[in-house]
Amino acid sequence: MDWKRIAASVLMLGVLAVPASAASITPQTTMKEIRDDPDIKASGLYTYTYVWERDCERLSTSRDDETLAEVVGKTSAEACAAGLNYLAQVYHDGTRVTYPLYSEEEIAAVPARAHAELYYCPAKQPGAKFAIVLSGNALYYSGELRGGVATAWELHEQGYAVFSLRYRIGWEAGDDAPLEDLARAIRFVMDNADTFGVSTEDYALLGYSSGGQLAGVFGNEEKGWGRYGVPKPGVLLLVYPINNFLGAKPAYHLLMDTDRLERRYYSYTVSKLVTPDYPPTFLWYGRNDLMLKAFVYPLQGPTLAKALEASGVPNRVEVYDNARHGIGIGVGTDAEGWVERAAEFWQSVSE
């Protein structure tokens, strides 16, 4: 028997079995290497974190030498790398990843709408439920990689389809633009459910920080889903959400809505919008969360948790000793594994 020939054949089969363009992104891959990957680049996936990287060509390469782990943090780096590799392969295999939310005519009328996009992470099997992920933002910062890609991968592993929403932030977020973007995203997925192979029942909104505040507002019929004429979310998954912006509200109004008197999304306290028909809610936050402390800790997660319980809304609240703001997936912290527990809650309230 020619063992050398057999060994060579087996080796060749192994080589042929490897996807031709599979990206090999790791937490130590630099942002330049990620952006230069042909499938990541062609897919249109948004890989910036600061608006000046997006808007200023001279600054667009300012973080090129930083690794993925340095940009998204070690608590989310592995999941983010896995998600990027998956999306690169999905795109290479012929599935579109990036979808603009507005037509060319709508963007011409409001140019900032060009910054609203949806990124599709397919489920393992057709007919899966879907989640829309709203990353956190800080007026000039957005977390599409740490919040969007990493979470999309983790939920994909739980069997769900995921759409990461890039919504308008900062001075572009006036007149409730982020809520408009979210409603447009939900309507788009619902209208194209067959194309995406997703169920339209019991969809989830998963929001981090400021994105959690948006998801929380949208869970209210009058201010959110009912106002925009889209189906009620099946569940809210809120990750260290801002419940009340407190003293930041006047600054937000000055930045975004100087010429308007009406209340906007940032003016609302989520806990005051909780009613008995509010969507079932999974909520977690950390006791050492300095951002929540800056907004008066007792008025944040603790107040929202009390409102859910008082209104009889099905809920699961997890509070961790070691879970700082912005940790995303939370590997290596007390919050580790929260995605699996959130998925379990989602499943339990969908039965």
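Quick note, the sequence shown lines up with residues -22 to -1, 1 to 329 if you use mature numbering (1 follows the signal peptide of the UniProt record, and there is no 0).
Each residue gets a CB set at the ideal place from its N, CA and C atoms; glycine is no exception.
**Request:** Give the C-beta separation of G61 and G306 to the nearest angstrom, bearing in mind that I take them to be a contact with Cβ-Cβ under 8 Å.
**Result:** Here residue 61 refers to the residue found at position 83 when the sequence shown is read from its first residue. Here residue 306 refers to the residue found at position 328 when the sequence shown is read from its first residue. Going by Cβ atoms, the distance from G61 to G306 rounds to 11 Å, so no, they are not a contact pair.
**Message:** Does P89 come out as helix, strand or coil in the three-state DSSP assignment?
**Reply:** For this step, residue 89 is matched to residue 111 along the sequence shown. If DSSP states are grouped into helix, strand and coil, P89 belongs with the helices.
**Request:** Throw me the rounded Cβ distance for the L183 and L214 pair, which I believe falls under 8 Å.
**Result:** Reading the sequence shown from its first residue, position 205 is the one you call residue 183. Reading the sequence shown from its first residue, position 236 is the one you call residue 214. So it is a contact: roughly 5 Å between Cβ atoms.
**Message:** Give me, in chain order, the residues of the same chain whose beta-carbon lies closer than 6 Å to that of V208; leave out the 5 immediate sequence neighbours on both sides.
**Reply:** As a first step, residue 208 is located in the sequence shown; it is residue number 230 there, counting from the start. Excluding residues within five positions, the ones whose Cβ falls inside 6 Å are A161, I164 and R165.
**Message:** Our contact map puts L23 next to L112 with C-beta atoms below 8 Å; I'd like the distance itself, whole angstroms only.
**Reply:** Position 45 of the sequence shown holds residue 23. Position 134 of the sequence shown holds residue 112. Between L112 and L23 the Cβ distance is about 17 Å, and since that is not below 8 Å, they are no contact.
**Message:** Excluding the 5 residues flanking A313 on each side, which residues of the same chain have their C-beta closer than 6 Å to its C-beta?
**Reply:** In the sequence shown, residue 313 corresponds to position 335, counting from 1. Cβ neighbours of A313 beyond the five flanking positions: Y298 and A301.
**Asked** What whole-angstrom Cβ distance do L133 and A109 have, given they're in contact under 8 Å?
**Response** On the sequence shown, position 155 is the one that residue 133 refers to. On the sequence shown, position 131 is the one that residue 109 refers to. With 8 Å as the limit, L133 and A109 qualify as a contact, their Cβ atoms being about 6 Å apart.
**Prompt:** Buried or exposed: where does G190 fall if 16 or more other Cβ atoms within 10 Å of its Cβ makes it buried?
**Reply:** Here residue 190 refers to the residue found at position 212 when the sequence shown is read from its first residue. The residue in question, G190, is buried, as its Cβ has 16 or more Cβ neighbours within 10 Å.
**Message:** Tell me the DSSP secondary structure of K300 in three-state form.
**Reply:** Position 322 of the sequence shown, counted from the start, is the residue given in the question as residue 300. Looking at the sequence shown, residue 300 is not Lys but Asn. DSSP places N300 in coil when its eight states are reduced to three.
**Request:** Whole angstroms is fine: what's the gap from V217's alpha carbon to C34's?
**Result:** Position 239 of the sequence shown holds residue 217. Position 56 of the sequence shown holds residue 34. Using only the alpha carbons, I get a separation of about 31 Å.
**Request:** Mind checking who Y98 pairs with in its DSSP beta bridge?
**Result:** One-based indexing of the sequence shown puts residue 98 at position 120. Its beta-bridge partners are F141.
**Neighbourhood of V309 by C-beta distance below 6 Å, restricted to the same chain and skipping five residues each side** = Translated into the one-based positions of the sequence shown, residue 309 becomes position 331. Hits under 6 Å: T53.
**Message:** Suppose contacts are defined by Cβ-Cβ distances below 9 Å. Is L65 in contact with V127 by that definition?
**Reply:** Stepping through the sequence shown from its first residue, residue 65 is reached at position 87. Stepping through the sequence shown from its first residue, residue 127 is reached at position 149. Contact flag set, yes.
**Prompt:** With which residues is S326 paired in a DSSP beta bridge?
**Reply:** To locate residue 326, count along the sequence shown from 1; it is residue 348. DSSP output for S326 lists no bridge partner at all.
**Asked** Quick one: is R146 buried, meaning 16 or more other Cβ sit within 10 Å of its Cβ, or exposed?
**Response** Within the sequence shown, residue 146 is the residue found at index 168, counting from 1. Label assigned to R146: buried.
**Item:** Nearest residue (CA-CA) to Y244, options L251, N222, T259 and Y263
**Value:** As a first step, residue 244 must be located in the sequence shown, where it is residue number 266. It is N222.
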